[in-house]
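So the sequence shown is numbered by the numbering used here: it starts at 1 and just counts up by one.
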Amino acid sequence: LAGNGFVRQALQLSALPSLILWGPPGTGKTTLARLIAEAHGDRFIAVSAVLSGVKELRESVDQARRNLRSGSRTLVFVDEIHRFNKAQQDALLPHVEQGLITLIGATTENPSFEVNSALLSRSRVLQLKLLDEEAMRTIVLRALADTEHGLGVEGDPFDSEGLDTLINMAGGDARRALNSLELAWVSRNAEGKIDRAAVEKAFQHRAAYHDAGGDAHYDLASALIKSMRGSDPDAALHYLARMVDGGEDPLFIARRLVVFASEDIGNADPMALVIANAVKDAVHFVGLPEAGINLAHGVTYLASTFKSNASYAGWKKALGDVAGKPQFAIPMHIRNAPTKLMKELGYHEGYVYPHDRPAMFVPEAEYLPRELAGRVYYEPKATGREAGLKERVDGLRRLRAQARRDRKG
């Protein structure tokens, strides 16, 4: 929207394409669409995807044709466009392509998944974000002072905590802030001030922008995992609190902790998986709100302990070989031989029981298929408890490699 921004330049050049406005509730998608239509000189038609269907779209297109005959362009605004099915979205395509209408669709969902690719390719996606504190403060103060559309209040009606509380509880949603401002004004205290109590009464509870099936769900889960992986328990607790406060299923969080314990910690701290599983059981048994304590216990431990992805990396390498290479024959000496015939065919022949050796290790024994002999999948790291495993595994591999050289020599 700035002087050199895309929207302003498109309006100045009278070359406005169809747009998809993507962002959380209360960030100005509808307002922006109306302002664009006004600045572009277009007739504005609003359609709600929740309440409308193909019939209403056809009526909008017919109106656009009448507008065109009278020399006016038409901007069709489709609120919550992600709620239109494929057929309804397809009904817009020919009219967008012909230039009969300029489409502006508004959505809180990721358009990559919720808007047809054909329609998406003919539109420019603009992402709106939750409003920051400065923007929210400006909106609230303007609404207070505006005598035509706002409350028309002179002076500052807030006490020392009221405005900050309102902005915090709105969570970047301007619509929610303005609606609650009206209620808070009615509930102001005996001194005529909007205080914390009035704001909390107006809100009932703070807004938490979180959608169990949308981007916020995955973004918060990603932030939690990356914070634990980065060994930052403070950030991890922050995102955990946001997930729980937003209504996330606590068992979903617990499942992510169990996966994380093996993927990102592994043998660097084997207790991590034990604790993660214990947290999962506790969450299932206790339930919210107390289960938040169990989740915090697990998150802080996993974030703070040693990290290693060696087991996970080795697993991916092994899967890659299984998927990309032939299914090589299993060495005969480690095959099972439950029958006489199988023993006669050589199954299990030559197998040496490691516990019969002093070091419980048989350096000359090969367990991988012959074609993969010497292949390394697991590369332990010198961190935490895995450092001891690394020392042992590296030593055993050296003995195996020497045994191979001796056989060849």
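Ideal Cβ positions, reconstructed from N, Cα and C, are used throughout, including at glycine.
Handout entry: Span of the beta strand (DSSP E) around valine 125
Key = Valine 125 -> beta strand (DSSP E) spans 123 to 127.
Exercise for the section: Return the bridge partner residues of phenylalanine 44 from the DSSP annotation. Expected result: In the DSSP output, where bridge partners are listed per residue, phenylalanine 44 has Leu75.
Handout entry: Three or more C-beta pairs below 8 Å linking the segment 107 to 117 and the segment 150 to 167
Key = Verdict: no, contact absent.
Practice task
Can you have a look at alanine 304 and say buried or exposed, based on whether 16 or more other CB atoms are within 10 angstroms of its CB?
Solution key: Reading off the sequence shown, one finds serine at residue 304, where the question assumed alanine. Exposed: under 16 other Cβ atoms inside 10 Å.
Practice task
Counting only the same chain and skipping the five closest in sequence on each side, list residues whose C-beta sits under 8 Å from that of alanine 49.
Solution key: Only Val78, Asp79, Glu80, Ile81, His82, Arg83, Phe84, Gln88 meet the Cβ criterion.
Handout entry: Secondary structure of glycine 172, DSSP reduced to three states
Key = Secondary structure at glycine 172: coil, using DSSP grouped into helix, strand and coil.
Practice task
Along the beta strand (DSSP E) that carries leucine 141, what are the first and last residues, could you check?
Solution key: Careful: leucine 141 lies outside any beta strand (DSSP E), inside the alpha helix (DSSP H) at 133 to 145.
Handout entry: Backbone CA spacing between leucine 93 and serine 117 [nearest angstrom]
Key = Straight across, the Cα-Cα distance linking leucine 93 with serine 117 is about 11 Å.
Problem - Alpha-carbon spacing of serine 160 relative to leucine 144, whole angstroms - result: So the alpha carbons of these two residues sit roughly 16 Å apart.
Practice task
Indicate whether the contact test is met: 3 or more Cβ pairs, each with one atom in the segment 308 to 323 and one in the segment 369 to 382, closer than 8 Å.
Solution key: Look at the beta carbons and you see the segment 308 to 323 touching the segment 369 to 382: at least three pairs across the two are nearer than 8 Å.
Handout entry: Environment of phenylalanine 260 [buried if 16+ CB atoms lie within 10 Å]
Key = Burial state of phenylalanine 260 is buried, judged by a 10 Å Cβ sphere holding 16 or more other Cβ atoms.
Problem - Contact belief for alanine 10 with leucine 1 at Cβ below 8 Å, rounded distance in angstroms - result: Actually they are not in contact, since the Cβ atoms of alanine 10 and leucine 1 sit about 11 Å apart, beyond 8 Å.
Exercise for the section: State the beta-bridge partners of serine 18 as determined by DSSP. Expected result: DSSP, once it has assigned bridges, lists Ser123 as partnering serine 18.
Problem - Beta carbon of leucine 251 nearer than 9 Å to that of tyrosine 239 - result: In this structure, tyrosine 239 does not lie closer than 9 Å to leucine 251 by Cβ.
Practice task
Identify every residue that forms a DSSP beta bridge with phenylalanine 158.
Solution key: Bridge pairing for phenylalanine 158: Ile194 [DSSP].
Exercise for the section: Please classify glycine 350: does DSSP put it in a helix, a strand, or coil? Expected result: Annotated three-state conformation of glycine 350 is coil, per DSSP.
Handout entry: Other residues of its chain near methionine 332: CB distance less than 7 Å, five sequence neighbours each side excluded
Key = In chain order, Gly346, Tyr347, Glu349 place their CB closer than 7 Å to the CB of methionine 332, counting only its own chain and leaving out the 5 sequence neighbours on each side.
Exercise for the section: Quick one: give me the first and last residue of the beta strand (DSSP E) that leucine 103 is part of. Expected result: Taken as a continuous stretch (DSSP letters only), the beta strand (DSSP E) holding leucine 103 covers 102 to 107.
Problem - First and last residue of the uninterrupted alpha helix (DSSP H) at asparagine 294 - result: Boundaries of the alpha helix (DSSP H) harbouring asparagine 294: 291 to 304, taken from the DSSP string.
Handout entry: Beta-carbon proximity list for histidine 396, same chain, < 8 Å, skipping 5 on both sides
Key = For the sequence presented, residue 396 should be read as leucine rather than histidine. Annotation for leucine 396: Phe361, Pro363 place their beta carbon closer than 8 Å to its own, counting only its chain and skipping 5 residues before and after.
Problem - Buried or exposed (CB count within 10 angstroms, at least 16 for buried), glutamate 344 - result: By the 10 Å Cβ count, glutamate 344 comes out exposed.
Handout entry: Residue-chain proximity (leucine 319, chain D), Cβ-Cβ < 9 Å
Key = You won't find chain D in this structure, because it holds only one protein chain.
Problem - Cβ pair count under 8 Å reaching 3, the segment 23 to 42 against the segment 54 to 65 - result: Between the segment 23 to 42 and the segment 54 to 65, the count of C-beta pairs closer than 8 Å stays below three; the two stretches do not touch.
Practice task
Express the C-alpha separation of arginine 242 and alanine 190 in angstroms, rounding to a whole number.
Solution key: If I take the Cα positions, the gap works out to 35 Å.
Exercise for the section: Determine the closest residue to threonine 30 out of Leu220, Lys129, Ala106, with distance taken between C-alpha atoms. Expected result: Ranking the options by Cα distance to threonine 30, first place goes to Ala106.
Problem - Per-residue burial, valine 322 [other beta carbons within 10 Å of its own, 16 or more giving buried] - result: Exposure of valine 322 is indicated by the presence of fewer than 16 other C-beta atoms within 10 angstroms of its C-beta.
Problem - aspartate 415 - DSSP class collapsed to helix/strand/coil - result: What the structure shows of the chain is the stretch from 1 to 409, and residue 415 is not part of that stretch, so it cannot be assessed.
Exercise for the section: Evaluate contact between the segment 264 to 279 and the segment 290 to 309, counting only Cβ atoms and requiring at least three cross-stretch pairs below 8 Å. Expected result: Using a C-beta cut-off of 8 Å, the segment 264 to 279 makes contact with the segment 290 to 309, since at least three inter-stretch Cβ pairs fall below that distance.
Exercise for the section: Please report how far the alpha carbon of leucine 372 lies from the alpha carbon of glycine 324, in whole angstroms. Expected result: Roughly 13 Å between the two C-alpha positions.
Handout entry: Buried versus exposed, by CB contacts within 10 Å (16 or more), isoleucine 104
Key = Buried: at least 16 other Cβ atoms inside 10 Å.
Exercise for the section: Could you have a look at serine 497 and say whether DSSP puts it in helix, strand or coil? Expected result: Look at the range of the chain in this structure, 1 to 409, and you will see that residue 497 is not part of it.
Handout entry: Contacting residues, own chain, Cβ-Cβ under 7 Å from glutamate 366 (five flanking each side not counted)
Key = The answer, listed in chain order, is Pro331, Ala373.
Problem - Distance CB(glutamate 386)-CB(alanine 291) smaller than 9 Å - result: Against a cut-off of 9 Å, the Cβ pair of alanine 291 and glutamate 386 comes out as no contact.
Problem - Distance between glutamate 182 and aspartate 245 (C-alpha atoms, nearest Å) - result: In a straight line, the C-alpha of aspartate 245 is about 25 Å away from that of glutamate 182.
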